[in-house]
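Step one of this worksheet: look at the structure below.
Residue numbers (our numbering): 979 to 1278.
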C-alpha cells in the first residue's frame, strides 16, 4: 500500500476545464482567444519596432494594440454569455513534474524495472533472518490517496457553471476593466511630453480600482453569501486582479517620481558586493525595459 493505485490520477484544474469547454464548443472563441494571446506574446516586439520610427509612431502602435486586445476581450465576453474573462483565455499545459522525472530517468536507462520497484516497496527484509515481510503503509500516502478521491463542489459542476454570468453592475465593471488599458494608453499618449504627469496614472488606477469595487458590490448583491458564494475559479481570478493592482507602482508618474529613485538607490547599494552585484545587474537590465517601454508592465 506504500504506492497506492490511483494516486497519480490527473485532475484538470477548473481553469483548464472552463477554457477547454469554450474552445471546444465555440471555434470563434478559440480563434479570438488565440489572436489575443498572440498579441500579448509579441506586443513588446511591436513596440520596439515602432520606437525606431519615433515616439509618435510608438504610441500609435501601443494604442492600436490595446484597442485590438479590448475588442477581442469584448468578443470573448459576448461569446461566453457575459461571463467574466479569465487570464489566460486558453487552457494551459498541465504537466506533473514527477512524471517528467520518471521519463527522464527511463530515458537515461537508470530506471528500476517496475516489478523490482513493486517488490522493494511492498516487502521489508529482516536483517538477521533474511525473511521478507510486507511493509506497513505510510500514513501520508493513505491521506493523499483519500484526498485525491474527494470531490469538491467545483469538481462536480459543469464547466459552464464555474463562472457566474454578470449583468448590470457586474457587466459594467467587466467592460470598464477591459477598456481601462485603452483609456490609460490614450492618456499616456496625450501626456507623452510630460512623463511625470500624474493625470494618466490617476485615471488608469481609478478605472481599474473602481471596476474591482463595482464587481465586488455586484457579487454581494447577486450571490447568496456575497464573496463567499464565489466559485474557486472566480476567487482565483479576483485574486489575480488584486495582485495586478500592484503593478501600478511600476507605471507612469508613480514610477517616474517615486519607484525609479528607489530602484536606483537599491542598485547603488548592491554594486561591488559579491553575488549581490549580480542581482543589481539583473535589476538594471529590467529597469531599462520599465523605463523605455510601455508593455513590460502591462497586465492585460
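The beta-carbon is built from N, C-alpha and C at its ideal position, and this holds for glycine as well.
### Query
Are the stretch 1213-1233 and the stretch 1169-1183 touching, with three or more C-beta to C-beta distances below 8 Å?
yes
### Message
Here's the rule I'm using: 16 or more other beta-carbon atoms within 10 Å means buried, otherwise exposed. How should residue 1033 be labelled?
### Response
Taking the chain shown and counting its residues from 1, one reaches residue 1033 at position 55. With fewer than 16 Cβ atoms within 10 Å of its Cβ, residue 1033 is classed as exposed.
### Query
The alpha helix (DSSP H) with residue 1006 in it runs from where to where?
Here residue 1006 is taken as the residue at index 28 of the chain shown, counted from 1. 1005-1029 is the extent of the alpha helix (DSSP H) around residue 1006.
### Task
List in chain order: all unbroken alpha helix (DSSP H) runs of 4+ residues lying wholly within the stretch 1169-1208.
1177-1200
### Query
Is the Cβ-Cβ distance between residue 1201 and residue 1151 less than 8 Å?
Reading the chain shown from its first residue, position 223 is the one you call residue 1201. Reading the chain shown from its first residue, position 173 is the one you call residue 1151. No, they are not a contact pair.
### Task
Verify whether the separation of the beta carbon atoms of residue 1154 and residue 1185 is less than 8 Å.
Residue mapping note: residue 1154 aligns to position 176 of the chain shown, counting from 1. Residue mapping note: residue 1185 aligns to position 207 of the chain shown, counting from 1. Contact flag set, yes.
### Message
By the DSSP assignment, the alpha helix (DSSP H) with residue 1261 in it spans what residues?
### Response
Within the chain shown, numbered from 1, the residue matching residue 1261 stands at position 283. Its alpha helix (DSSP H) spans residues 1254-1270.
### Message
In whole angstroms, give me the CA-to-CA distance for residue 1050 and residue 1250.
### Response
Counted from its first residue, the chain shown places residue 1050 at position 72. Counted from its first residue, the chain shown places residue 1250 at position 272. Each residue's Cα considered, the two are about 48 Å apart.
### Query
From residue 1241 to residue 1071, what distance separates their C-alpha atoms?
Here residue 1241 refers to the residue found at position 263 of the chain shown. Here residue 1071 refers to the residue found at position 93 of the chain shown. Rounded to the nearest angstrom, the two C-alpha atoms are 35 Å apart.
#### Entry: Option in 1057, 1022, 1052 and 1037 with minimal Cα separation from residue 1002
On the chain shown, position 24 is the one that residue 1002 refers to. For residue 1002, the nearest C-alpha among the options comes from 1057.
### Message
Which of the three DSSP states is assigned to residue 1045 in this structure?
### Response
In the chain shown, residue 1045 corresponds to position 67, counting from 1. If DSSP states are grouped into helix, strand and coil, residue 1045 belongs with the helices.
#### Entry: DSSP state of residue 1060 mapped onto helix, strand, coil
Residue mapping note: residue 1060 aligns to position 82 of the chain shown, counting from 1. Coil, per DSSP.
### Task
Label residue 1037 either buried or exposed according to how many other C-beta atoms from any shown protein chain fall within 10 Å of its C-beta, with 16 as the threshold for buried.
Residue mapping note: residue 1037 aligns to position 59 of the chain shown, counting from 1. Burial call: buried.
### Message
Measuring alpha carbon to alpha carbon, tell me which residue in 1021, 1140 and 1138 is nearest residue 1272.
### Response
One-based indexing of the chain shown puts residue 1272 at position 294. Of 1021, 1140 and 1138, the residue nearest in Cα terms is 1021.
### Task
Just the C-alpha distance for residue 998 and residue 1068, rounded to the nearest angstrom, thanks.
The residue you call residue 998 lines up with position 20 of the chain shown. The residue you call residue 1068 lines up with position 90 of the chain shown. Answer to the nearest angstrom: the Cα atoms are 7 Å apart.
### Message
Rounded to whole angstroms, what is the Cα-Cα separation between residue 1285 and residue 993?
### Response
Absent from the structure is residue 1285, since the part of the chain shown begins at 979 and ends at 1278.
### Query
Whose C-beta lies closer than 6 Å to the C-beta of residue 1028 among residues of the same chain, with five residues either side of it excluded?
Position 50 of the chain shown, counted from the first residue, corresponds to residue 1028. Cβ within range, chain order: 1035, 1036 and 1039.
### Task
Would you mind giving the Cβ-Cβ distance between residue 1048 and residue 1157, rounded to the nearest angstrom? I have them listed as a contact below 8 Å.
Here residue 1048 refers to the residue found at position 70 of the chain shown. Here residue 1157 refers to the residue found at position 179 of the chain shown. About 6 Å; that satisfies the 8 Å criterion.
### Message
Helix, strand or coil for residue 1090? Go by DSSP, reduced to three states.
### Response
In the chain shown, counting from the first residue as 1, residue 1090 sits at position 112. Bear in mind that the predicted position of residue 1090 carries a pLDDT of just 49, short of 50, making it too unreliable to give a figure here.
### Task
Under 8 Å Cβ to Cβ from residue 1261, same chain only, skipping five residues before and after it: list those, please.
As a first step, residue 1261 is located in the chain shown; it is residue number 283 there, counting from the start. So the qualifying residues of the chain are 1241, 1244, 1245 and 1248.
### Task
Report the three-state DSSP secondary structure of residue 1242 (helix, strand or coil).
Start at 1 with the first residue of the chain shown, and residue 1242 comes out as number 264. Residue 1242 falls in the helix class under three-state DSSP.
### Task
For the alpha helix (DSSP H) containing residue 1216, list its first residue and its last residue.
As a first step, residue 1216 is located in the chain shown; it is residue number 238 there, counting from the start. Looking at the DSSP string, the run of the alpha helix (DSSP H) that includes residue 1216 is 1210-1222.
### Task
Return the residue from the list 1004, 1278 and 989 that minimises the CA-CA distance to residue 1138.
Along the chain shown, one-based indexing puts residue 1138 at 160. The residue with the shortest Cα to Cα distance from residue 1138 is 1004.
### Query
How close, in whole Å, do the beta carbons of residue 1063 and residue 1053 come, if the pair is a contact with beta carbons under 8 Å?
Here the question's residue 1063 lines up with position 85 in the chain shown. Here the question's residue 1053 lines up with position 75 in the chain shown. Contact flag wrong, Cβ pair sits at about 11 Å.
### Query
Rounded to a whole number of angstroms, what is the C-alpha to C-alpha distance between residue 1266 and residue 1274?
In the chain shown, residue 1266 corresponds to position 288, counting from 1. In the chain shown, residue 1274 corresponds to position 296, counting from 1. If you take the alpha carbons of residue 1266 and residue 1274, they lie about 10 Å apart.
### Query
Can you name, in chain order, every residue of its own chain whose Cβ lies under 6 Å from the Cβ of residue 1270, other than the five neighbours on each side?
Taking the first residue of the chain shown as 1, we reach residue 1270 at position 292. Answer for residue 1270: no residue qualifies.
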